[in-house]
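From first to last, the protein sequence lines are chains Z and C.
Under my numbering, read the first sequence as residues 48 to 604, first letter to last.
Under my numbering, read the second sequence as residues 48 to 604, first letter to last.
Number of protein chains: 2
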Amino acid sequence: MNQALKVVIAQLNYHTGNFDFNTHKIIQEINKAKSNGADLVVFSELCVCGYPPRDFLEFDDFVEQCNKAVEQIAMHCVGIHAIVGAPARNPVKEGKSLYNAAFVLGEQKIQQVIYKTLLPNYDIFDEYRYFEPNRSFKLVEINGCKIALTICEDLWNTDEHPLYVIRPMDELIKLNPHCIINIAASPFHMHQANVRKKVLSENVNRYHLPLIYVNHIGAQTQLIFDGGSLALNKNNEVITAFPYFKEHSEVVEIKFDADTDIISNHSNLSSVNNNLNTTISLIHDALVLGIKEYFHKQGFKQAILGLSGGIDSAVVLVLAARALGTENVRAVLLPSAYSSDHSIDDAKQLAERLKIRYDIIPIENTYQSFNTTLAEQFAGTSFNIAEENLQSRTRGVILMALSNKFGYILLNTSNKSELAVGYGTLYGDMCGGLSVIGDLYKTEVYELANFINDEQEIIPVNTIQKAPSAELRPNQKDADSLPDYALLDAILKHYIEERKSPKQIIDAGFEQALVNKVLRLVNINEWKRIQSPPVLRVSAKAFGPGRRMPIVAKYLN
Amino acid sequence: MNQALKVVIAQLNYHTGNFDFNTHKIIQEINKAKSNGADLVVFSELCVCGYPPRDFLEFDDFVEQCNKAVEQIAMHCVGIHAIVGAPARNPVKEGKSLYNAAFVLGEQKIQQVIYKTLLPNYDIFDEYRYFEPNRSFKLVEINGCKIALTICEDLWNTDEHPLYVIRPMDELIKLNPHCIINIAASPFHMHQANVRKKVLSENVNRYHLPLIYVNHIGAQTQLIFDGGSLALNKNNEVITAFPYFKEHSEVVEIKFDADTDIISNHSNLSSVNNNLNTTISLIHDALVLGIKEYFHKQGFKQAILGLSGGIDSAVVLVLAARALGTENVRAVLLPSAYSSDHSIDDAKQLAERLKIRYDIIPIENTYQSFNTTLAEQFAGTSFNIAEENLQSRTRGVILMALSNKFGYILLNTSNKSELAVGYGTLYGDMCGGLSVIGDLYKTEVYELANFINDEQEIIPVNTIQKAPSAELRPNQKDADSLPDYALLDAILKHYIEERKSPKQIIDAGFEQALVNKVLRLVNINEWKRIQSPPVLRVSAKAFGPGRRMPIVAKYLN
């Protein structure tokens with residue numbers, strides 16, 4: 048009797064709601080695995096419909112299409128098994144109408160269905176919005192191998208942060224499984240890879256079982272999935288560690304004879320060494336993938352953006368060029384009377400270095416036309432934020448006109464620091480289909496610029512070294528209105544990422560008046576952020592669906 | 048022994064995070080009740096912090112302020128009891144860190160804490176994001192009266208839609224309570240009043256107990272709370288029905304001798320007769336309150352809006368004037384070369400009738416300045432959506448300039464039909480701090496206009512009767528791009544409100560090509576809607592936090 052199971056880990060990229068595409072890709076992978084003599088192919092959580100399907104799950108037709116796709120995939124499981132993630136209808140009337148399920152397919156049938164027990168419902172996760180939690184536990188048996196099949200969060204009820212009152216593996220271990228398989232849809236953030244390895248290792252240590260973890264890659268608007276699928280043997284050694292941000296599949300073998308464990312058939316394991324990735328390189332790769340996917344999954348090819356000569360638009364331009372190809376990116380310089388010469392020069396230099404098409408479109412005439420049009424209403428008032436915003440909005444309108452005329456998507460260049468304190472113009476520099484660096488504090492934008500320039504100067508040094516300025520009035524500097532970014536970002540992280548109180552932040556060594564001012568700015572600018580473009584998420588607490596704040600509240604403001 | 052409990056139902060308006068304001072208001076009500084000889088005052092769910100506090104609940108300092116406020120309120124409970132809603136820390140490490148709780152206060156102490164069992168997590172609700180569900184059941188006893196104290200959703204696990212696997216009252220009834228008290232934070236939608244009465248009546252019928260239901264009023268950005276607090280005796284007769292959209296408090300008496308029931312001390316019960324409200328009048332009152340609260344709770348007084356002569360901006364102007372006072376609303380007419388004379392006349396007539404200040408600011412010069420500025424880039428192209436949007440965005444920039452200069456909030460005038468199909472210009476007519484009628488289909492906007500004109504013509508008849516037009520090209524009509532609104536809205540309701548499949552909608556009698564076109568338009572315009580202003584919610588499925596759709600998905604598009 049064969050006491051081993053050859054398992055293909057399939058780390059693929061799915062498209063939400065695109066059932067033909069996903070189904071075809073899954074079936075292809077099954078056929079390939081079969082021809083390679085595999086016993087089982089494991090795909091990721093909700094791969095059949097893409098993750099997250101969000102409120103499409105409330106559409107019965109959408110669920111029906113999932114069901115049909117699963118049946119279609121099952122038809123291709125002859126002499127091989129597959130595990131795919133899809134929603135399953137709750138057979139009883141009480142409770143939510145769906146389960147988040149793993150379907151075990153074999154012999155052209157659905158052989159077993161396993162439901163997810165722990166439903167993440169925090170940050171960007173809304174799973175209890177759709178799914179009933181599982182309450183009964185059983186193993187999956189394939190060719191004699193007894194598998195504790197779990198779905199993502201099921202392994203994440205850690206000792207450190209026990210968000211749930213039960214731990215599914217505590218139930219499953221009683222049934223004596225040979226191994227753990229976890230199918231996941233676990234989005235990237237800059238520290239996620241380490242957290243993930245730690246949590247998976249904890250499970251191996253606790254249950255003394257080998258573990259296969261299957262994540263997917265790709266991006267769904269804000270959420271970027273990094274893959275990083277893993278197999279760990281029962282000694283917690285990494286049998287294979289998949290690449291980040293790339294489709295990849297690979298065979299491992301689960302031995303379940305006397306000495307149950309997991310091994311790899313590959314000799315070149317060390318070829319994929321994720322430890323080489325630094326945090327900033329992961330952020331870089333995540334953003335490039337995030338841009339690429341936003342365009343590709345909507346059928347767009349070309350981007351446009353305003354290039355100011357400042358660091359934010361410079362970094363976005365480089366990322367866009369890497370994601371879409373230089374030939375698919377168009378830069379627009381939009382100087383005003385307050386633009387400095389160096390800004391235009393720096394912007395031109397960058398565009399020329401990257402061989403990116405750029406236009407110079409001065410905004411002065413239109414800006415003055417607005418002033419003339421408003422002369423009667425503005426009579427007797429002084430130049431203030433209204434005129435500053437007029438310039439920024441004139442730029443926004445020009446960029447959107449080019450976007451509409453030629454079918455570009457406008458990339459937004461706001462950073463997290465300015466989104467946090469409202470230092471940006473709604474309908475002006477806050478325009479765009481996608482915010483590329485809206486989850487990077489200004490200090491992190493500098494880090495990314497330096498990373499980009501690591502081997503050779505791509506972004507002009509002057510762009511990195513000069514004092515940041517919005518250039519909306521003579522000799523304006525960000526530092527006129529805001530504290531130094533190192534200081535600002537430190538306070539923002541305490542408040543936004545760590546949810547600390549004013550007192551805690553002051554106790555950490557920051558000046559009281561400044562802390563109160565910054566926290567107030569964060570809270571009174573929710574009305575602006577709610578209208579900002581979707582932000583590519585690279586931190587554990589990004590603006591967008593992961594941070595849901597009231598607008599009309601009065602707390603710290 | 049006194050076998051009766053005099054209970055004040057306090058239907059008040061709270062401000063999220065404004066602990067001083069909420070606490071002061073609650074204490075005042077307790078003092079008033081005490082001087083009127085009441086035994087108990089019941090306030091609504093999470094009244095101490097305001098509802099919904101959203102992610103402020105993740106801030107320990109915020110929760111700490113809730114705790115302190117509850118303690119402060121308790122100090123005022125001498126010779127009287129109070130029930131207030133506030134978050135309570137979960138005493139154990141496992142599970143979410145908070146409960147959604149009802150605090151029973153008396154003798155200057157927290158005497159008992161009851162946790163919410165059923166946590167709504169659908170549509171606009173996210174309660175499992177923050178709260179652990181209750182799993183143990185006990186009654187509250189005040190002066191010998193045994194109360195089944197429940198929190199909102201706890202009574203809502205109906206036979207028709209059993210979203211949960213347990214029903215808290217099935218446990219509490221075993222403990223032989225004298226009555227049910229339910230504290231709620233139940234937001235308005237146009238059919239909610241009837242649903243609520245039905246659900247509460249079902250509970251009275253099922254458990255044969257009198258019931259007191261306490262809701263709050265006011266608005267928190269998108270969500271409008273209508274009040275409508277109720278007391279039902281055990282024969283399911285309405286003992287008191289509170290007004291909608293108004294603060295109100297009133298005493299009822301729970302008799303718990305041999306013949307347990309609830310009675311009122313008032314003889315003028317029929318003075319508050321909610322049955323006089325039609326659906327359209329409720330919508331009207333909800334929107335007026337929603338505007339008022341959005342301004343008032345942020346410390347703003349004055350609104351500005353673009354008045355086109357069309358029905359949408361006309362209706363918004365009337366609602367704004369009623370909410371804020373005519374002296375606090377400023378209208379701007381922004382004619383272009385494509386504006387018809389009647390549009391300007393209709394707009395002027397409405398502003399003059401309402402005695403609202405208006406400016407006429409032609410956009411032609413600035414629009415032409417944009418065209419000149421873009422001449423080189425646009426050379427060889429024909430007038431298309433880019434030029435149409437340029438006009439709309441020029442208007443948006445002018446309105447925002449006035450908003451920034453003088454401190455007005457810009458009111459958005461988009462309706463639900465155009466938001467649904469993307470028939471609007473992002474950063475143009477989609478600008479604004481608040482979308483007033485974004486949850487009303489175009490046909491409902493007409494209904495509301497006719498309701499406003501019911502007693503006398505306020506909105507010019509021509510505005511209501513003429514064919515809708517964006518007036519962005521010569522002789523343009525909405526009907527050039529869209530089906531008749533009656534037809535469009537019917538299809539949209541099938542899809543958005545009822546989540547029907549294309550096949551179901553076609554089977555209901557709509558043309559296949561049209562259904563496919565409309566559903567596709569809804570799905571491909573998510574990227575625009577995600578950047579639209581918050582929409583006052585008056586339906587059971589509004590755009591905004593109650594409808595969470597993917598952007599880059601490929602489903603029906």
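Cβ coordinates follow ideal geometry from the N, Cα and C atoms, glycine included.
Just so you know, these numbers come straight off a predicted model, no measurement behind them.
Discussion item. Let's test the definition: count the other Cβ atoms within 10 Å of the Cβ of C:S314 and tell me whether it reaches 16, buried, or not, exposed.
Written reply: Legend: pLDDT at C:S314 = 48, less than 50; position of this residue unreliable, value from coordinates given subsequently. Classification of C:S314: exposed, given that the 10 Å Cβ count is below 16.
Discussion item. Whole angstroms are fine: how far does the CA of Z:Q438 sit from the CA of Z:L519?
Written reply: 7 Å
Practice prompt. Take every Cβ of the segment 151 to 162 of chain Z, pair it with every Cβ of the segment 114 to 128 of chain Z, and state whether three or more of those distances are shorter than 8 Å.
Written response: yes
Practice prompt. Go ahead and pull the three-state DSSP assignment for Z:N412.
Written response: helix
Discussion item. Give the list of continuous beta strand (DSSP E) stretches no shorter than 3 residues that lie fully inside the segment 205 to 270 of chain Z.
Written reply: 226 to 230, 258 to 261, 264 to 267
Practice prompt. Can you check the segment 49 to 129 of chain C for any alpha helix (DSSP H) of at least 4 residues that lies completely inside it and give the ranges in chain order?
Written response: 66 to 82, 107 to 121
Worksheet entry | Identity of the residue in Z:P581, Z:P515, Z:L473, Z:K547 nearest Z:V492 by Cα | Z:P515
Worksheet item: Which same chain residues, not among the five before or five after Z:D332, have their C-beta less than 7 Å away from its C-beta?
Response: Y291, F292
Discussion item. Whole angstroms are fine: how far does the CA of C:Q58 sit from the CA of C:I286?
Written reply: 16 Å
Worksheet entry | Neighbour flag for C:A448 against chain Z, beta carbons, 7 Å | yes
Practice prompt. Whole angstroms is fine: what's the gap from Z:T70's alpha carbon to Z:R136's?
Written response: 19 Å
Worksheet item: List, in order along the chain, the chain C residues whose C-beta lies closer than 8 Å to that of Z:P138?
Response: Going along chain C, no residue has its Cβ under 8 Å from Z:P138, so there is no contact; the nearest lies around 13 Å.
Worksheet item: For Z:T63, which residues in chain C fall below 8 Å Cβ to Cβ?
Response: P597, V599, A600, K601, Y602
Discussion item. I'd like the ranges of any alpha helix (DSSP H) spanning at least 4 consecutive residues and lying wholly in the segment 431 to 471 of chain Z.
Written reply: 432 to 453, 463 to 468
Fill in: Residues bridged to Z:G353 [DSSP beta-bridge criterion]
Z:V379
Discussion item. How far does the alpha helix (DSSP H) with C:V298 in it extend, from its first residue to its last?
Written reply: Looking at the DSSP string, C:V298 is not in any alpha helix (DSSP H); the run it does join, the beta strand (DSSP E), is 295 to 302.
Worksheet item: Is there at least one Cβ from chain Z nearer than 7 Å to C:N315's Cβ?
Response: Low confidence applies to C:N315: its pLDDT is 46, below 50, so where it sits in the model is not reliable enough to give any reading.
Worksheet item: Between C:V599 and Z:T268, what straight-line distance do the alpha-carbon atoms span, to the nearest angstrom?
Response: 6 Å
Worksheet item: C:Y405 CB to nearest chain Z CB: under 7 Å?
Response: no
Worksheet item: For C:V139, which of helix, strand or coil comes out of DSSP?
Response: coil
Practice prompt. With DSSP as the reference, label C:G153 as helix, strand or coil.
Written response: strand
Discussion item. With a threshold of 7 Å between beta-carbons, can C:T413 be considered close to chain Z, or not?
Written reply: yes
Item to complete: Rank C:I511, C:I171, C:L186 by C-alpha distance to the C-alpha of Z:R176 and give the top, closest one.
Response: C:I171
Worksheet entry | Beta-bridge partners of Z:P134, as assigned by DSSP | Z:N147
Practice prompt. Report the residue from C:T510, C:N252, C:R243, C:L421 whose alpha carbon sits nearest the alpha carbon of C:A587.
Written response: C:R243
Worksheet entry | chain C contact for Z:P180 (CB, 7 Å cutoff) | no
Worksheet item: Per the contact definition of three or more C-beta pairs closer than 8 Å, is the segment 577 to 586 of chain C in contact with the segment 232 to 242 of chain C?
Response: yes
Item to complete: Could you tell me whether the Cβ of C:A85 comes closer than 7 Å to any Cβ of chain Z?
Response: no
Practice prompt. Show which residues of chain Z have a CB atom less than 9 Å away from the CB atom of C:I433.
Written response: Note that residue 433 of chain C is Ala in the sequence shown, not Ile. Simply M447, A448, L449, S450, N451, K452, F453.
Discussion item. Under DSSP, the alpha helix (DSSP H) around Z:A384 begins and ends at which residues?
Written reply: That residue, Z:A384, is in no alpha helix (DSSP H); it is neither H nor E in DSSP.
Worksheet entry | Where the segment 384 to 408 of chain Z meets chain C: residues whose CB sits under 7 Å from a CB there | D406, I408
Worksheet entry | C:S276 to C:F342 span [Cα, whole Å] | 25 Å
Discussion item. Run through chain C and tell me which residues come within less than 8 Å of Z:Q424, C-beta to C-beta.
Written reply: D406, I408, L449, K452
Fill in: Start and end residues, alpha helix (DSSP H) containing C:A367
358 to 371
Worksheet item: Which partner residues of C:A285 appear in the DSSP bridge assignment?
Response: The residue you asked about is not Ala; residue 285 of chain C is Val in the sequence shown. Paired residues: C:L279.
Practice prompt. Would you verify that the beta carbon of Z:C199 is, or is not, closer than 7 Å to some beta carbon of chain C?
Written response: no
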